[in-house]
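Every number in our numbering is 34 more than the matching position in the sequence shown, counting from 1.
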Amino acid sequence: MAENDNNIKRGALVVLEGLDRSGKSSQSVKLVSFLENTGCAAELWRFPDRETCVGKMISSYLANQSQLDDHTIHLLFSANRWEKRSLMEDKLKAGITLIVDRYSYSGVAFSSAKGLDFEWCKAPESGLLNPDLVLYLDVPPEKAAERGGYGGERYERLDFQKKVGEKYESLRDSTWKIVDASLPMEEVHKQVKEYVMECVLSCANGKPLTQLWLQ
Ligand code: DGP
35 MAENDNNIKR GALVVLEGLD RSGKSSQSVK LVSFLENTGC AAELWRFPDR ETCVGKMISS
95 YLANQSQLDD HTIHLLFSAN RWEKRSLMED KLKAGITLIV DRYSYSGVAF SSAKGLDFEW
155 CKAPESGLLN PDLVLYLDVP PEKAAERGGY GGERYERLDF QKKVGEKYES LRDSTWKIVD
215 ASLPMEEVHK QVKEYVMECV LSCANGKPLT QLWLQ
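As structure tokens, this is what we get:
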């Protein structure tokens with residue numbers, strides 16, 4: 035599949051970000067089945083990956099079953115992405131598109147919303163794979179809080195989610211695609227799949243794989 039390191043024909047790394055209950059997980063599932071139906075190899079990934087040893091520690095923390103220092107849990111979330119980095123690279127190079135529900139941007143937004151230094155939060159993410167597309171599902175925190183199941187985990191508090199939203203704004207750049215996630219699910223899906231198809235085609239034609247936040 036590789037032509038050379040700078041211009042490889044490969045799968046796309048697509049990341050969905052947004053507040054808790056913004057609809058990322060539902061849209062990720064719909065996207066993967068849409069891509070599969072069009073004959074495009076795709077897999078659904080999510081971070082944190084709660085199946086690994088590190089992921090189990092994160093899961094216990096999120097369920098308020100364990101307490102950890104804010105810096106420590108930040109580094110665990112990052113380690114959880116690092117432990118999957120080489121597998122992600124192999125899949126992309128094998129032509130598989132990865133639809134990833136949360137990535138490094140969640141890491142920085144959630145931890146800096148707790149008061150940790152923004153640049154410190156970015157540092158351990160540097161060198162992970164750079165997404166080809168970041169889709170931000172934009173929903174007012176009040177509306178997200180009305181959605182089913184809210185409040186079950188550590189970070190699902192309205193005041194905190196408002197801060198997370200502000201941090202996401204600081205992280206956004208002009209390449210992010212912002213989707214109004216207050217719209218009906220099918221309307222959101224329509225917009226999301228248009229962005230994704232364009233991205234998938236450009237990666238299939240050959241695009242360098244780059245690293246996140248390297249100077
Ligand atoms: P989810 O499985 O997508 O519902 O995510 C679980 C919670 O963890 C959610 O409130 C967002 C938060 N989260 C996800 N990734 C990170 C991260 O890297 N760092 C921190 N501090 N929180 C994260």
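Note that the Cβ used here is the ideal one computed from N, Cα and C, for glycine as well.
Compute every distance between the C-beta of tyrosine 189 and the non-hydrogen atoms of the ligand DGP, then say whether any falls below 7 Å. Indeed, a heavy atom of the ligand DGP lies less than 7 Å from the Cβ.
What do you reckon, is the C-beta of isoleucine 107 under 7 Å from a heavy atom of the ligand DGP? The answer is yes for isoleucine 107.
Quick one, are the C-beta atoms of leucine 50 and leucine 243 less than 8 Å apart? No, the pair does not count as a contact, with Cβ atoms beyond the cut-off.
Aspartate 166 and alanine 46: beta carbons closer than 8 Å? Taking 8 Å as the Cβ cut-off, aspartate 166 and alanine 46 qualify as a contacting pair.
Taking leucine 50 as part of the beta strand (DSSP E), name the residues at either end of that continuous run. Boundaries of the beta strand (DSSP E) around leucine 50: 47-52.
With distances taken from CA atoms, which of His105, Ser67, Cys155, Gly57 is nearest lysine 177? Closest by alpha carbon: Gly57.
Using a 10 Å radius around the Cβ and a threshold of 16 neighbouring Cβ atoms, would you call isoleucine 212 buried or exposed? That one is exposed.
Per DSSP, glutamate 301 forms a beta bridge with which residues? Only positions 35 to 249 of the chain appear in the structure, and residue 301 is not among them; the question remains open.
Considering Cα atoms alone, identify which of Lys127, Gly149, Val66, Leu109 is closest to serine 138. By alpha-carbon distance to serine 138, the top candidate from Lys127, Gly149, Val66, Leu109 is Leu109.
I need the DSSP call for aspartate 83, collapsed to helix, strand or coil. Correct three-state label for aspartate 83: coil.
Aspartate 151, buried or exposed, once every other Cβ within 10 Å from all chains shown has been counted against 16: By the beta-carbon neighbour count (other beta carbons within 10 angstroms, threshold 16), aspartate 151 is exposed.
Below 7 Å, is the gap between the Cβ of arginine 136 and the nearest heavy atom of the ligand DGP? With a threshold of 7 Å, the Cβ atom of arginine 136 counts as near the ligand DGP, since some heavy atom of the ligand is closer than that.
Could you compute how far the alpha carbon of methionine 35 sits from the alpha carbon of isoleucine 42? Any answer about methionine 35 is weak, because its pLDDT of 47 lies below 50 and its placement is not dependable; what the coordinates show is given next. Straight-line Cα distance between these residues: approximately 7 Å.
Any idea which residues DSSP pairs glutamate 77 with across the strands? When DSSP reads this structure, glutamate 77 sits in a beta bridge with Leu132.
Strand pairing of tyrosine 170, partner residues [DSSP]: For tyrosine 170, which the question treats as bridged, DSSP gives the partners Glu51, Ile212.
Under the three-state DSSP convention, the category glutamine 245 falls into: Glutamine 245: strand per DSSP, three-state reduction.
Between which two residues does the alpha helix (DSSP H) holding leucine 121 run? Here the alpha helix (DSSP H) through leucine 121 covers 119-127.
Rounded to whole angstroms, what is the Cα-Cα separation between alanine 75 and isoleucine 92? C-alpha separation (whole angstroms): 30 Å.
Please name the residue, chosen from Leu217, Asn114, Trp79, that lies closest to glycine 89 on a Cα-to-Cα basis. Looking only at Leu217, Asn114, Trp79, the smallest Cα-Cα distance to glycine 89 is reached by Asn114.
Beta-carbon proximity of valine 66 to glutamate 77, cut-off 8 Å: Yes, the Cβ-Cβ distance between valine 66 and glutamate 77 is below 8 Å.
Return helix, strand or coil for methionine 35, following the three-state DSSP convention. For methionine 35, the pLDDT reaches just 47, beneath the cut-off of 50, and the residue's location in the model is therefore unreliable, although a value from the coordinates is still provided. Residue state for methionine 35 is assigned as coil, using DSSP reduced to three classes.
Among residues of its own chain, excluding the 5 on either side of aspartate 193, which ones have a beta-carbon nearer than 8 Å to its beta-carbon? The answer is none, since no qualifying residue turns up.
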